[in-house]
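Below: one structure, written as structure tokens.
Chains as they are written, first to last, in this note's numbering: chain A, 59 to 374; chain B, 24 to 141.
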């Protein structure tokens, strides 16, 4: 078959026929020549490698037997157009003869690009909304809803799940608010949250569950390690000097109660309840400490302690 | 909540056409087109869609750090800045955006200039 006789001009699209081998002549029609006029002389018959260069070197990566296509940007006047060049086998031989057909896909590709951009923006937006719905805006800790959802997920997903659930409560928080104003109160909350978060490992949920009350679910290791980390956070918070709107800086501390999954409850509600009891004990026991829950915490007939707890009940 | 210009002018349905117009305007401009030589078309459209959605108070937001980083090293000149603002104004006018709204958008865009021009 003489490829020079192929009725290329009857095809309304840019087209070329050639044998698939370096050094072979490529027969092109007028539409193809017009499309490539800047880079293809008006009468020269290009070679296979010239065509490959026109297509950005993509031709050699194509398998002529598999009906591949190439997307190549071509300038028409000043406009950039994206052409899809389809390769089709027209006769098999020692070297295959192929037909290359170009279709202007600019409008379709532009529409696709816009659509995917919109979808990307909307997805980002949804993620942001999701984040806002699950986060306390001041401290960027998870909120109560997110805490319960993530706990449920963990229990379902992690095999042999184990964790500690702790409640942390900033000591004398009301006093800071009353004495230095709400802006300072917010500053205390934010500083506290940043410090505690910085000392927690990856496998924790850190949530704000009340005014100055936070919850830490630690599922990274043993209960002893979790308690150790809380103690570390307490030491770090205690060392801070916070500048107040008045002259003297203040120190802050927190009290924490810790409940252990399994031993002290299976549901988050039960665990929080027991962590809260231990927290209550910590508050009565001089504050600024981490107290693990145990069933006999209040059974010890420590009269001074009971007196302190009663005293606390009256004041808070 | 106050309606954003993005919503006022028809959301993505309008941005779609605005991006088209802006895209043609930018690539048709001798000063601007070289900056986009070799830039993938879908990337360019994504960039412009976000640019407009954001400038009109829509859902996409350009975070300043990101804005600065992506334009760094591109050697964007005062001349190129002026050219892109001209294409922007031309585009907004073509879509009959009210004069006051154009000023709002232009003001928002102008505030980002130090992050973009070297």
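Cβ atoms here follow ideal geometry from the backbone N, Cα and C, with glycine treated the same way.
Residue i at chain A interface by Cβ criterion, 8 angstroms
i: residue 87 of chain B; result: no
i: residue 65 of chain B; result: yes
i: residue 136 of chain B; result: no
i: residue 37 of chain B; result: no
i: residue 114 of chain B; result: no
i: residue 124 of chain B; result: no
i: residue 72 of chain B; result: yes
i: residue 49 of chain B; result: no
i: residue 20 of chain B; result: Residue 20 of chain B lies beyond the range of chain B shown here (24 to 141); nothing can be said about it.
i: residue 140 of chain B; result: no
i: residue 129 of chain B; result: no
Buried versus exposed call for residue i [16 or more other C-beta atoms within 10 Å across all chains shown]
i: residue 137 of chain A; result: exposed
i: residue 318 of chain A; result: buried
i: residue 71 of chain B; result: buried
i: residue 65 of chain A; result: exposed
i: residue 148 of chain A; result: exposed
i: residue 169 of chain A; result: exposed
i: residue 81 of chain B; result: buried
i: residue 243 of chain A; result: buried
i: residue 190 of chain A; result: exposed
i: residue 133 of chain B; result: exposed
i: residue 301 of chain A; result: exposed
i: residue 272 of chain A; result: buried
i: residue 274 of chain A; result: buried
heavy atom of the ligand FAD below 7 angstroms from residue i C-beta
i: residue 285 of chain A; result: This structure lacks the ligand FAD; in fact it carries no ligand of any kind.
Partner residues on chain B for residue i, Cβ-Cβ distance less than 8 angstroms
i: residue 167 of chain A; result: 64, 65
i: residue 285 of chain A; result: The contacting residues do not exist; residue 285 of chain A stays about 39 angstroms from chain B at best.
i: residue 178 of chain A; result: 69
i: residue 140 of chain A; result: 64
i: residue 137 of chain A; result: 47, 50, 51
C-beta neighbour in chain C for residue i, strict 8 angstroms
i: residue 57 of chain B; result: Within the model displayed, chain C is absent; protein chains A and B are what it includes.
Endpoints, alpha helix (DSSP H) assigned at residue i
i: residue 331 of chain A; result: 326 to 342
i: residue 348 of chain A; result: Where residue 348 of chain A is concerned, there is no enclosing alpha helix (DSSP H), although the beta strand (DSSP E) it sits in stretches over 348 to 350.
i: residue 80 of chain A; result: Note, residue 80 of chain A: premise wrong, no alpha helix (DSSP H); not H, not E.
i: residue 187 of chain A; result: 164 to 192
Opening and closing residue of the beta strand (DSSP E) in which residue i lies
i: residue 225 of chain A; result: 222 to 228
i: residue 130 of chain A; result: 127 to 134
i: residue 137 of chain A; result: 137 to 149
i: residue 318 of chain A; result: 312 to 318
Neighbour list for residue i in chain A, Cβ cutoff strictly below 8 angstroms
i: residue 68 of chain B; result: 168, 171, 172, 175
i: residue 42 of chain B; result: 172
Short CB-CB distance (under 8 angstroms) between residue i and chain B
i: residue 127 of chain A; result: no
i: residue 309 of chain A; result: no
i: residue 97 of chain A; result: no
i: residue 214 of chain A; result: no
i: residue 189 of chain A; result: no
Chain-ordered neighbours of residue i on chain A, where CB pairs are closer than 7 angstroms
i: residue 76 of chain B; result: 179
Sufficient close CB pairs (3 or more, under 8 angstroms) joining the stretch 270 to 286 of chain A to the stretch 170 to 189 of chain A: no
Cβ contact (3+ pairs, closer than 8 angstroms) linking the stretch 306 to 321 of chain A and the stretch 286 to 296 of chain A: yes
Cβ contact (3+ pairs, closer than 8 angstroms) linking the stretch 251 to 270 of chain A and the stretch 190 to 206 of chain A: yes
Three-pair Cβ contact test at 8 angstroms for the stretch 34 to 50 of chain B versus the stretch 164 to 176 of chain A: yes
The stretch 330 to 338 of chain A in contact with the stretch 210 to 229 of chain A per 3-pair CB rule at 8 angstroms: yes
At least three beta-carbon pairs within less than 8 angstroms, the stretch 106 to 126 of chain A to the stretch 24 to 36 of chain B: no
Cβ pair count under 8 angstroms reaching 3, the stretch 93 to 103 of chain A against the stretch 115 to 130 of chain A: no
The stretch 111 to 128 of chain B in contact with the stretch 27 to 34 of chain B per 3-pair CB rule at 8 angstroms: yes
The stretch 129 to 138 of chain B / the stretch 83 to 91 of chain B touching (three or more Cβ pairs under 8 angstroms): yes
The stretch 207 to 217 of chain A contacting the stretch 230 to 246 of chain A, beta-carbon criterion three pairs below 8 angstroms: no
Three or more C-beta pairs below 8 angstroms linking the stretch 71 to 90 of chain A and the stretch 149 to 166 of chain A: yes
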